[in-house]
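One structure below.
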Amino acid sequence: MPEKSLLFSPAPYHVLSYGALLGTQFFHTFINSITSFKVLERPQFAILQRAVFPAYFGIQTAAPVVLALTYPGRAGRFAAALPQGISGVLHPANRWGVLVPLSAAFVTGLVNLVYFLPETNKVTAQRRKQEIKDGKQNWDKGSQSKDMKALNKKFGKLHGYSSLFNLVTFVSTVAYGVNLAARIK
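The structure is reproduced here in structure tokens:
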């Protein structure tokens with residue numbers, strides 16, 4: 001059983017939060033989304049993604065904050081001591097290995113949550129209206145109306161940038177994990 005003092009330390013909560021963030025990102029990006037796209041009809045896939053994305057981007061936004069708040073610092077036996085929490089994250093020695101990856105993960109998750117998600121949902125709603133007007137789905141083969149082509153292009157651009165931001169969040173999380181793992185001896 002862990003020492004009582006460890007339970008009151010930020011370290012276990014930090015590691016668990018990191019694991020939850022990385023696991024969520026890996027599972028959603030590389031397993032859930034790909035599998036869902038393959039097995040669901042396009043309308044059902046869109047409904048699923050619309051329901052999952054607020055929680056997913058919320059986790060990508062909140063978890064880096066939790067990681068910063070629970071940053072365990074470093075004792076000073078063999079290396080310079082570093083403070084816990086935000087002070088440790090902001091310490092100059094942690095700029096590239098801690099502050100930059102956590103900040104990048106937070107910012108890209110936040111932009112996905114507050115900008116790309118609502119904008120993509122708006123375009124999706126506009127495409128549904130245009131589908132009714134045109135009498136065909138936005139993904140149907142053959143020619144599309146000028147308005148649908150413009151909406152599809154806008155959706156593709158938003159989706160592409162959102163995917164890029166998601167990838168930056170994932171890579172930033174992995175980069176932070178490498179820094180965290182380097183502390184294990």
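Mind the numbering: the sequence shown is residues 1 to 185 in UniProt numbering, read in order. Beta carbons: idealized from backbone N, C-alpha and C, even for Gly.
As the crow flies, the alpha-carbon of residue 88 is around 11 Å from that of residue 67. Counting only unbroken stretches of 4 or more residues, no alpha helix (DSSP H) element lies wholly within the region 128-179. The C-beta distance from residue 21 to residue 173 rounds to 6 Å, short enough to fall under 8 Å. The bridge partners DSSP lists for residue 74 are 82.
Annotation: residue 93 is outside any alpha helix (DSSP H) and is labelled neither H nor E by DSSP. Taken through DSSP and simplified to helix, strand or coil, residue 116 comes out as helix. Between the region 135-149 and the region 96-104, the count of C-beta pairs closer than 8 Å stays below three; the two stretches do not touch. Each residue's CA atom was taken as its position, placing residue 83 and residue 10 some 12 Å apart.
The residues 53, 54, 57, 162, in chain order, have a CB closer than 8 Å to that of residue 117 in the same chain once the five nearest residues on each side in sequence are set aside. By the Cβ neighbour-count rule, residue 108 is buried, with 16 or more other Cβ atoms within 10 Å of its own. DSSP places residue 12 within a helical segment (H, G or I) once states are collapsed to three. Of 104, 127, 157, the smallest CA-CA separation from residue 175 is found for 104.
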